[in-house]
Amino acid sequence: MEKKYYVGIDLGGTFIKGGIVDQAGQIVYQDKVPTETEKGSEAVAKNIAGLVELLLTKSGLQKSEMIGIGMGVPGMIDSKTGCVVYSNNLDWKDFYIAERLTELTGLPVKIANDANVAVLGEAKFGAAKGMETVIMLTLGTGVGGGIVIDGKMFEGNKSAGAELGHMVIVANGEPCTCGRKGCLEAYASATALIRETKRTMEAHKDSKMWEIGSLEAVTGKTAFDYKDSDRYAKEVVENYIYKLSVGITNFANMFRPDVVLLGGGVCAQGDALIKPLQALLNAELYANTLGPAVPIKVAELGNSAGLLGAAALWL
Numbered sequence: 032m033e034k035k036y037y038v039g040i041d042l043g044g045t046f047i048k049g050g051i052v053d054q055a056g057q058i059v060y061q062d063k064v065p066t067e068t069e070k071g072s073e074a075v076a077k078n079i080a081g082l083v084e085l086l087l088t089k090s091g092l093q094k095s096e097m098i099g100i101g102m103g104v105p106g107m108i109d110s111k112t113g114c115v116v117y118s119n120n121l122d123w124k125d126f127y128i129a130e131r132l133t134e135l136t137g138l139p140v141k142i143a144n145d146a147n148v149a150v151l152g153e154a155k156f157g158a159a160k161g162m163e164t165v166i167m168l169t170l171g172t173g174v175g176g177g178i179v180i181d182g183k184m185f186e187g188n189k190s191a192g193a194e195l196g197h198m199v200i201v202a203n204g205e206p207c208t209c210g211r212k213g214c215l216e217a218y219a220s221a222t223a224l225i226r227e228t229k230r231t232m233e234a235h236k237d238s239k240m241w242e243i244g245s246l247e248a249v250t251g252k253t254a255f256d257y258k259d260s261d262r263y264a265k266e267v268v269e270n271y272i273y274k275l276s277v278g279i280t281n282f283a284n285m286f287r288p289d290v291v292l293l294g295g296g297v298c299a300q301g302d303a304l305i306k307p308l309q310a311l312l313n314a315e316l317y318a319n320t321l322g323p324a325v326p327i328k329v330a331e332l333g334n335s336a337g338l339l340g341a342a343a344l345w346l
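Read left to right, the sequence shown gives residues 32 to 346 (my numbering).
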C-alpha cells in the first residue's frame, strides 16, 4: 500500500493537538488530548502515542500508510537528534522524545521548535504556499519568528537560531524579557503596544481612550479603536507601526524574502496595520524598486499552522 499520509503533532503545555495530513495539506482527521505535563515526560510521550493511535482508529487509516510523525515542541529543540534540550512549558531537559515516540508507535519521528514549524506550515500550505523564502513574525505576548529558506526551515546551530524578536532596533532602548535592551519584541509585541497605550493615557488625561474606563481595560486593540478620533491614539499606532517596520525592513534587507508574514492577535487590524507597514517597507527597502518587491501578508492557517507545519517536516 502506498504511503501518502503524515501525522502532525502540535505539543502544547495544556493540550496535545494532532492530525493526519495528506500530501496536499488537507487534514483528514484531527483531535486533541490533555498533555498532563505534571505527570512527567514519560507520561506525556505515552499520551502522544495514544493520540496517534486514536487518530489512526478514527480516520480508518493504517499505520502502514503513514510516512512518519512530525511534531512541533515549545522550547530549545535539537531537531537533528530529536532531543528537547530545554522546554520551560513542559519542564523537560535533554529528553530524546523522537526516539521514545518511535519506540512507542513504531513510526519514524521528526521534531522542531513549534514557532519554526508554524512558519513551515504557512510556507507549504498557507499564505506563502509555493514560495521559497519566507520570514514570519508572530505578534503576541512576545515576538516569535521563523525563517524558511529554499523551502526549508532555517534553525541555526543546534536549532537555537531564528530568534527574530531579539534583534535590537533601538540601542539602549526599552528593557526586553531576554535581558537586553531595545529588542524588536520590546516594541512590536502586543505587550509593548499595551504598555505604550497606558503610558500615553497616563500622560494625556484628555485622551478619548479614557472612555474605556481604566488602564486595566486597555488591550492591544484600544489605540487602533481610537486612532481616527483621538490624536494620542493615532500617535501610539503610528509609533508602533514604525518600530515594527524597522524590524521588518532589516529582515527584508537581509533575506530579500518572497513574502513577510505576520501572525498573532494584532493582525486582526488587517489593512489598518498592513497598508502603512507596506508603505514604510517600500520606502526603506534596499535598492527599492531595482530589486524584487517584498509583500507583507497576514498568515492564514491560524491554529492549524503548527499541526500542518509538523506534518510538513516530512515534505
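Backbone N, C-alpha and C define an ideal beta-carbon position, used for all residues, glycine too.
The structure presented is a predicted model; accordingly, all values stated were derived computationally and were not measured.
With distances taken between CB atoms, is the gap from residue i to residue j smaller than 8 Å?
i: G357; j: Y37; result: Beyond the ends of the chain as shown, which are 32 and 346, falls residue 357; an answer cannot be given.
i: S220; j: T250; result: no
i: V291; j: I327; result: yes
i: A215; j: G196; result: Note that residue 215 corresponds to Leu in the displayed sequence, not to Ala. Yes, Cβ-Cβ distance for L215 and G196 is below 8 Å.
i: A343; j: G152; result: yes
i: T199; j: Y218; result: Here the sequence assigns Val to residue 199, which means Thr is not the residue at that position. No. Outside cutoff.
i: L339; j: V52; result: yes
i: N78; j: I128; result: no
i: P139; j: S118; result: no
i: D145; j: G99; result: no
i: V179; j: T136; result: no
i: K94; j: L346; result: no
i: G56; j: L86; result: no
i: G39; j: A248; result: no
i: L170; j: L293; result: yes
What residue does the beta strand (DSSP E) around residue i start on, and which one ends it?
i: A143; result: V140 to N144
i: I178; result: V174 to I180
i: L168; result: V165 to L170
i: D259; result: Taken as a continuous stretch (DSSP letters only), D259 belongs to no beta strand (DSSP E), as it is neither H nor E.
i: G39; result: Y36 to L42
i: M97; result: M97 to V104
i: G183; result: Residue identity check: residue 183 is Lys in the sequence provided, not Gly. Segment K183 to F185, the beta strand (DSSP E) holding K183.
i: K328; result: I327 to V329
i: M162; result: No beta strand (DSSP E) holds M162; DSSP gives it neither H nor E.
i: I243; result: Here I243 belongs to no beta strand (DSSP E), and DSSP marks it neither H nor E.
Buried or exposed for residue i, please, with buried defined as at least 16 other CB atoms from any protein chain shown within 10 angstroms of its CB.
i: K89; result: exposed
i: K34; result: exposed
i: L42; result: buried
i: G295; result: buried
i: P65; result: exposed
i: D74; result: The amino acid occupying residue 74 in the given sequence is Ala; Asp does not appear at that position. Label assigned to A74: exposed.
i: C207; result: buried
i: Y273; result: exposed
i: T45; result: exposed
i: D181; result: exposed
i: A318; result: exposed
i: G161; result: exposed
i: S245; result: exposed
i: L321; result: exposed
i: Q309; result: buried
i: D237; result: exposed
i: R131; result: buried
i: S260; result: exposed
i: M285; result: exposed
i: P323; result: exposed
i: G278; result: buried
i: G301; result: exposed
Assign residue i to one of three DSSP states: helix, strand, or coil.
i: V267; result: helix
i: D122; result: coil
i: Q57; result: coil
i: D237; result: coil
i: Y317; result: coil
i: V199; result: strand
i: M232; result: helix
i: P323; result: coil
i: K63; result: strand
i: K189; result: helix
i: G157; result: coil
i: K111; result: coil
i: G50; result: strand
i: V277; result: helix
i: K212; result: strand
i: V249; result: coil
For the alpha helix (DSSP H) containing residue i, list its first residue and its last residue.
i: I128; result: I128 to T136
i: L292; result: Looking at the DSSP string, L292 is not in any alpha helix (DSSP H); the run it does join, the beta strand (DSSP E), is V290 to G294.
i: I79; result: S72 to S90
i: G340; result: A336 to A343
i: A219; result: E216 to A219
From the beta carbon of residue i, is the nearest beta carbon of chain D less than 8 Å away?
i: S118; result: Going by chain labels, chain D is absent from the structure shown, which holds only one protein chain.
Give me the Cβ distance between residue i and residue j, rounded to the nearest whole Å; I'm assuming they're in contact under 8 Å.
i: S276; j: E186; result: Actually they are not in contact, since the Cβ atoms of S276 and E186 sit about 26 Å apart, beyond 8 Å.
i: I142; j: G177; result: Going by Cβ atoms, the distance from I142 to G177 rounds to 15 Å, so no, they are not a contact pair.
i: A283; j: L316; result: 6 Å
i: A149; j: G337; result: 5 Å
i: E227; j: Y271; result: 7 Å
i: F126; j: S72; result: 5 Å
i: G213; j: N203; result: 6 Å
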